[in-house]
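Asks: What follows is a single structure, and I will ask about it in a moment.
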Amino acid sequence: MSAGADRHLRALELPVAAAAAALVGCTITHGECSGVIVETEAYHEQEPACHAFAGLTPRTRPLFEAPGIAYVYRSYGIHALLNVVVEAAGVGAAVLIRALEPRAGIHLMIERRGRERLTELCSGPGKLSQALGIGLELNATPLLGGPIELGPPPPGEEAAPALVVGGRIGITRAVELPWRFCAAANRNVSRPWPPGLLG
DNA sequence: CATGGGATTGACT
DNA sequence: GTCAATCCCATGC
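Mapped onto this note's numbering, the consecutive letters of the first sequence carry residue numbers 203 to 401.
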């Protein structure tokens, strides 16, 4: 087994921010569609941007379960957002998958999204759920051996990618936490940087 | 039971 | 840059 082939498994054992960083480069597969994770954010019950901050409720229950299951919830009444639950059972923490680089099932992604440009298929948390056909019915399902599969980096891509770290997007509280992790210079992130900004 | 607010996106000025 | 779509759920009466 080559180095890095179990990175997704090790990520599930880490504190949420480290897990979010480690998951960049790993893969998400649903049916015939798959992609490489290029953007994540960490959420933890001890900070107010996290749903689990409100405590254990019917909505947040999956966040408090054992690591390795999906937390899928509806955002703005329209979009399904996919999270990877991490940290020990009883602790509410999860990694939001914000963007993928499409790798397989691209024709089906195009059909579901109604767009053909590769960078418009999975470049956002709502977009990737639509592209992969992930809905609320997959909330709390396992990510190892379940309908959605969290996998290691593709063969030959086991090296940890360079990351850009910053504040999380689209929230109003705890924006100062540096808990957003993007694959540097990847065109599939939800908010690409202007040309040249990365140096 | 009524209300308000989103971990977003796409269309439009 | 602005803004509406749309619905689950936490909260408060």
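The beta-carbon is built from N, C-alpha and C at its ideal position, and this holds for glycine as well. Small disclaimer: the values here were computed from a predicted structure and weren't measured.
With respect to the alpha helix (DSSP H) encompassing V218, which residues constitute its N-terminal and C-terminal limits?
Replies: V218 -> alpha helix (DSSP H) spans 218 to 225.
Asks: Assuming contact is defined by CB atoms lying nearer than 7 angstroms, are V377 and V288 in contact in what I supplied?
Replies: Not closer than 7 angstroms, so no.
Asks: Give the DSSP bridge partners of N388, in chain order.
Replies: Partner(s): none; N388 has no beta bridge.
Asks: Considering only residues of the same chain and omitting the five flanking positions on each side of W381, which have a CB-CB separation below 7 angstroms?
Replies: Cβ neighbours of W381 beyond the five flanking positions: A219, A222, E243, A244, R370.
Asks: Which residue from E313, R393, G368 puts its Cα closest to that of G335?
Replies: The shortest C-alpha separation from G335 is found at E313.
Asks: Starting from the C-beta of R315, find all residues in its chain whose C-beta is less than 8 angstroms away, skip the five residues before and the five after it, and write them out in chain order.
Replies: The answer, listed in chain order, is E322, L323, K329, Q332, A333.
Asks: Pull the bridge partners of T231 from the DSSP assignment, please.
Replies: S236, E351.
Asks: What does the alpha-carbon distance come out to for the pair V293 and P344?
Replies: C-alpha separation (whole angstroms): 17 angstroms.
Asks: Quick one: give me the first and last residue of the alpha helix (DSSP H) that L310 is part of.
Replies: Unbroken alpha helix (DSSP H) run through L310: 308 to 315.
Asks: Express the C-alpha separation of Y273 and A342 in angstroms, rounding to a whole number.
Replies: So the alpha carbons of these two residues sit roughly 6 angstroms apart.
Asks: Counting only the same chain and skipping the five closest in sequence on each side, list residues whose C-beta sits under 7 angstroms from that of V240.
Replies: Cβ within range, chain order: V226, A301, L302, E303, C384, A385, N388, N390, V391.
Asks: So what does DSSP say about A295, is it helix, strand or coil?
Replies: The answer is strand: DSSP assigns A295 an E or B state.
Asks: Do A282 and G337 come within 7 angstroms of each other at the CB atom, strictly closer than that value?
Replies: Closer than 7 angstroms, so yes.
Asks: With a threshold of 16 other CB atoms inside 10 Å of the CB of S277, please say whether the residue is buried or exposed.
Replies: Exposed.
Asks: Between H246 and C228, is the Cβ-Cβ spacing less than 7 angstroms?
Replies: No, these two residues do not count as a Cβ contact at 7 angstroms.
Asks: Can you pull the DSSP bridge partners for V287?
Replies: The partner list for V287 (beta bridge, DSSP) reads A296.
Asks: Compute the Euclidean distance between the alpha carbons of P355 and A364, then round it to the nearest angstrom.
Replies: Going from the Cα of P355 to the Cα of A364 covers about 14 angstroms.
Asks: For L258, does the count of other Cβ atoms within 10 angstroms reach 16, so buried, or fall short, so exposed?
Replies: L258 is exposed by the Cβ-count criterion.
Asks: What residues match up with V377 in a beta bridge as DSSP calls it?
Replies: None; V377 has no bridge partner.
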